[in-house]
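J.:
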Amino acid sequence: MDTAILARVEDFCIREGLLQPGASQHLAAAVSGGADSMALLLLLRQLQPRFGYTLSACHVNHGLRGQSADRDEAFVRAECARLGVPLRVFHAAELASPPAHAGEDWARRLRYTAFAQLQGQGIDAIATAHTANDQAETLLLRLARGTGLHGAGGIRPRRGCYLRPLLCLSRAETEAVCRAAGQPWVTDETNDTDAYARNRLRHNALPALESTNAAAVQNLARFCEKAARADVYFAAEAARLLAAARLPGAETAWQLAPLQAADPLLLETALHSLVAPVRDAEEKYVQLLCAVVRQGSGAVQLTGQVRFCAGNGCLRQETLPDTLPWQLESAPQQVPLLPEKQPEFRLRGGWKGKAELLTTDFEEKIQVVHKKDLKNRADYARITTLYTGLVLRARQPGDRFRPAGRGLSKPLRKWMNEAGVPNELRDTLPLLASGSEILWVCGEGFADGLAPDTESRWILHLDAEIETQEEKTNEYAR
Numbered sequence: 001m002d003t004a005i006l007a008r009v010e011d012f013c014i015r016e017g018l019l020q021p022g023a024s025q026h027l028a029a030a031v032s033g034g035a036d037s038m039a040l041l042l043l044l045r046q047l048q049p050r051f052g053y054t055l056s057a058c059h060v061n062h063g064l065r066g067q068s069a070d071r072d073e074a075f076v077r078a079e080c081a082r083l084g085v086p087l088r089v090f091h092a093a094e095l096a097s098p099p100a101h102a103g104e105d106w107a108r109r110l111r112y113t114a115f116a117q118l119q120g121q122g123i124d125a126i127a128t129a130h131t132a133n134d135q136a137e138t139l140l141l142r143l144a145r146g147t148g149l150h151g152a153g154g155i156r157p158r159r160g161c162y163l164r165p166l167l168c169l170s171r172a173e174t175e176a177v178c179r180a181a182g183q184p185w186v187t188d189e190t191n192d193t194d195a196y197a198r199n200r201l202r203h204n205a206l207p208a209l210e211s212t213n214a215a216a217v218q219n220l221a222r223f224c225e226k227a228a229r230a231d232v233y234f235a236a237e238a239a240r241l242l243a244a245a246r247l248p249g250a251e252t253a254w255q256l257a258p259l260q261a262a263d264p265l266l267l268e269t270a271l272h273s274l275v276a277p278v279r280d281a282e283e284k285y286v287q288l289l290c291a292v293v294r295q296g297s298g299a300v301q302l303t304g305q306v307r308f309c310a311g312n313g314c315l316r317q318e319t320l321p322d323t324l325p326w327q328l329e330s331a332p333q334q335v336p337l338l339p340e341k342q343p344e345f346r347l348r349g350g351w352k353g354k355a356e357l358l359t360t361d362f363e364e365k366i367q368v369v370h371k372k373d374l375k376n377r378a379d380y381a382r383i384t385t386l387y388t389g390l391v392l393r394a395r396q397p398g399d400r401f402r403p404a405g406r407g408l409s410k411p412l413r414k415w416m417n418e419a420g421v422p423n424e425l426r427d428t429l430p431l432l433a434s435g436s437e438i439l440w441v442c443g444e445g446f447a448d449g450l451a452p453d454t455e456s457r458w459i460l461h462l463d464a465e466i467e468t469q470e471e472k473t474n475e476y477a478r
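Here full-length UniProt numbering is used: position 282 in the sequence shown is 282, and no number is missing along the way.
What follows is the structure, encoded as C-alpha cells:
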C-alpha cells in the first residue's frame, strides 16, 4: 500500500469531517467490483484501526447486463470473503421493477434505494468510490448543460450519510492502489461505449484537457472545492436575505424590495434555494425567476402544480390542488400525481399519457410551443365550466367529435375514417370525453372552441403514446 496515498485519504477524511478517530459507527462501502470501489475497500480496511469503525460492504446487481452483472456479483462476493469484509448483496427484483428502457439514471436510483434500506439496518454511513475524475466529469457536464455556483461545487465530500473519501484521488491512483496490493478488479463494458454523455467526456474531453495540462483533472477538482466553499457562504447569506424579506405570517411570500436590492449573485443563490425543493434547479428556471423579481411582475411555472408570481411588491409561491377533476375507467377516483407532480394515466392497449396544468407565463417564458403541443392544449377553465363527468377512455358507440377549426360535429367513427387513423389503434386510442362528446383525441388534439386565448390563465395539456409502439404512435401523432 502506498503510504503517501493512504495519508492523503486520511487527511482528506479528517479535514472534510467524514471520519473521526474513536467515533463508533458502522460504515458500509459501496462496491461494484471496479478499480475505484476495490481501492475504496482496501483503503478503508487500512484506515479501520485508526478510526475504529465497523466496516462492511454492499453490492447492487441491477440485472441490466445479464451474465456480466452476475459475474461482477460473484467477483465481489469472492473478494469480500477473501478480505474478511461482511457483504450485503441487493438484486433489482427485491428493490424495484425496471422500466421498459432502464438506463444509468434508473440504476443510480436503484443503488440509493438499496442504500436507504441499509440505513434502517444499523448502517451509520455509506462510502462511495467517487474520485477526482468523477468530480471533473460532473463539473464539465454541468457547465455544458448550464449551472450556477451550487452546481459548480460538484460532488460534495459528504451529503447526509453518504461519504466520498476518494475525491482526493484520481482514477489512475485508485488503479495504482489496486496494483500495489495485487488486487484484481472487473471492468464494466458499458464504460467503453460513447452512448452516454459522461463517457464521451471521459474518452474525449478530459484527454484533450490533460494534453494541455497533465494536472487538468486535479485542477478541475480543486475548482469544485473552492466553488463548494463559496456556495456554503452564499447559501448562509441567502437564507438571511429570505428571512429578512419574508412577509410576516407567510411561509411562501417575500417582499420584493429587499430581493431587488440584493447583490445579483446573492439573489440567484436565494432563488435557487426556492426552486430546488420543487424541481431540479436548472439554471434557466433560476434566471427566469431572477428576471421576474427584478421587473416586479410576471410568473414562472416550475411544474404543473407550482409557480412563483411577482406583483404588488411581493413574490409568492402558488400551489394547485393535488388532483385533477376527472376519473379513469377501472382506476381510482382521483388521478394520482407522479413525484414531479404531474399526473400520469394508463389505458388499455399499452397507452401511457400525461396530464398537466400550465400557465400562459409558462408557455411564453419557459418553453417553445411546437405545433403538436399547441393542439394538445386547451383552456382549463372553459372545459371545467362547460363540461362535467370528464373521463379518459377509448371510443364507445355514439361518440361524436368536433375537430378544431371546422365547426362541425360528426360521428367519431366517421372522423377516424377521414383522418386515416390506423385500424389497430382505433379501439384503444385515448380520448377525453364528457358523456358521448369527445373533447380531445390523442394525435389530433382538442375539439373546436377549446383552444387557449389571451384571457386564459390555466392551460390543460394532454398527451399520450404507446410505450411498446412508440415509432408507430409518433408517426400518427405528427
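We put the beta carbon where it would ideally sit given N, CA and C, even for glycine.
Going by C-alpha distance, which of R145, L166, T113 is nearest D134?
T.: L166
J.: Would L41 and A28 qualify as a contact pair, given that the criterion is a beta-carbon distance under 8 angstroms?
T.: no
J.: With H, G and I counted as helix, E and B as strand and the rest as coil, what does DSSP make of S297?
T.: coil
J.: Which ranges would you report for the alpha helix (DSSP H) in the UniProt domain "Lysidine-tRNA(Ile) synthetase C-terminal" (390 to 462) if only whole runs of at least 4 residues count?
T.: 412 to 419, 423 to 426
J.: Cutting at 6 angstroms between CB atoms, please list the residues of its own chain near C13, excluding the five before and the five after it.
T.: Closer than 6 angstroms at Cβ, skipping near neighbours: L19, P165.
J.: If you draw a straight line from the C-alpha of R142 to the C-alpha of L169, how long is it?
T.: 21 angstroms
J.: For T385, does the count of other Cβ atoms within 10 angstroms reach 16, so buried, or fall short, so exposed?
T.: Under a 10 Å Cβ-count criterion, T385 is classified as exposed, with fewer than 16 other Cβ atoms of the shown protein chains found around its own Cβ.
J.: Just the C-alpha distance for L288 and V275, rounded to the nearest angstrom, thanks.
T.: 11 angstroms
J.: Measure the alpha-carbon distance for K372 versus E444 and round it to whole angstroms.
T.: With a pLDDT of only 49 at K372, under 50, the local geometry of the prediction cannot be trusted, and the value read off the model is given with reservation. Looking at the two C-alpha atoms, the distance is approximately 9 angstroms.
J.: Under 8 angstroms: do the region 118 to 134 and the region 248 to 266 share three or more Cβ pairs, one atom per stretch?
T.: no
J.: Which partner residues of Y162 appear in the DSSP bridge assignment?
T.: I126, R159
J.: With DSSP as the reference, label A93 as helix, strand or coil.
T.: Annotated three-state conformation of A93 is helix, per DSSP.
J.: Can a CB atom of chain C be found closer than 8 angstroms to the CB of G313?
T.: You won't find chain C in this structure, because it holds only one protein chain.
J.: Quick one: any contact between the region 350 to 360 and the region 301 to 315, if contact means 3 or more CB pairs under 8 angstroms?
T.: yes
J.: For N312, which three-state DSSP category applies?
T.: coil
J.: For E237, which residues of its own chain have a beta-carbon under 7 angstroms away from its beta-carbon, when the five flanking residues on both sides are left out?
T.: L266
J.: Does the Cβ of Q396 have 16 or more other Cβ atoms within 10 Å, making it buried, or fewer, making it exposed?
T.: The residue is exposed, with fewer than 16 neighbouring Cβ atoms inside 10 Å.
J.: Opposite S56 in the DSSP bridges: which residues?
T.: A28
J.: Just reading off the beta strand (DSSP E) that E344 is part of, what are its end residues?
T.: 344 to 347
J.: If you check the beta carbons only, do G154 and T138 fall under 8 angstroms apart?
T.: yes
J.: The alpha helix (DSSP H) with R50 in it runs from where to where?
T.: 35 to 51
J.: Quick check: what's the CA-CA separation for A230 versus R222?
T.: 13 angstroms
J.: Taking the C-alpha atoms as reference points, what is the distance between A129 and S37?
T.: 5 angstroms
J.: Once DSSP output is grouped into helix, strand and coil, what is the label at L87?
T.: strand
J.: Could you check which residue in Q218, A404, L429 has the C-alpha nearest to that of A378?
T.: For A378, the nearest C-alpha among the options comes from A404.
J.: When we look at the beta-carbon of G17 and count the other beta-carbons within 10 Å, is it buried (16 or more) or exposed?
T.: exposed
J.: Going by DSSP, which residues form a beta bridge with T249?
T.: Checking the sequence, you will find Gly at residue 249 rather than Thr. Its beta-bridge partners do not exist; DSSP assigns none.
J.: Could you spell out where the alpha helix (DSSP H) holding R198 opens and where it closes?
T.: 197 to 200
J.: In the region 169 to 236, which residue ranges form an unbroken alpha helix (DSSP H) of at least 4 residues, counting only runs that do not cross its ends?
T.: Listed in chain order, they are 171 to 180, 197 to 200, 206 to 212.
J.: Let me check one thing: in DSSP terms, what residues is L358 bridge-paired to?
T.: I459
J.: Taking just the CA atoms, how far does F401 sit from W415?
T.: Just so you know, the alpha carbons of W415 and F401 end up roughly 7 angstroms apart.
J.: Tell me which same chain residues have a C-beta within less than 7 angstroms of the C-beta of E75, skipping the five on either side of it?
T.: In the sequence as presented, Glu is not what sits at residue 75; that position holds Phe. Once the five neighbours on either side are set aside, the close Cβ partners of F75 are G33, V186.
J.: Whole angstroms are fine: how far does the CA of R15 sit from the CA of residue 511?
T.: This structure leaves residue 511 out entirely; the chain is present only between 1 and 478.
J.: I'd like to check one pair, A107 with H59: are the Cβ atoms closer than 8 angstroms?
T.: If you check the CB distance, H59 and A107 do not come in under 8 angstroms.
J.: Can the beta-carbon of L425 be found less than 8 angstroms from the beta-carbon of L439?
T.: no
J.: Taking V177 as the reference, give the member of A7, A216, I466, L408 with the closest Cα.
T.: If we check each option's Cα against that of V177, A7 comes out closest.
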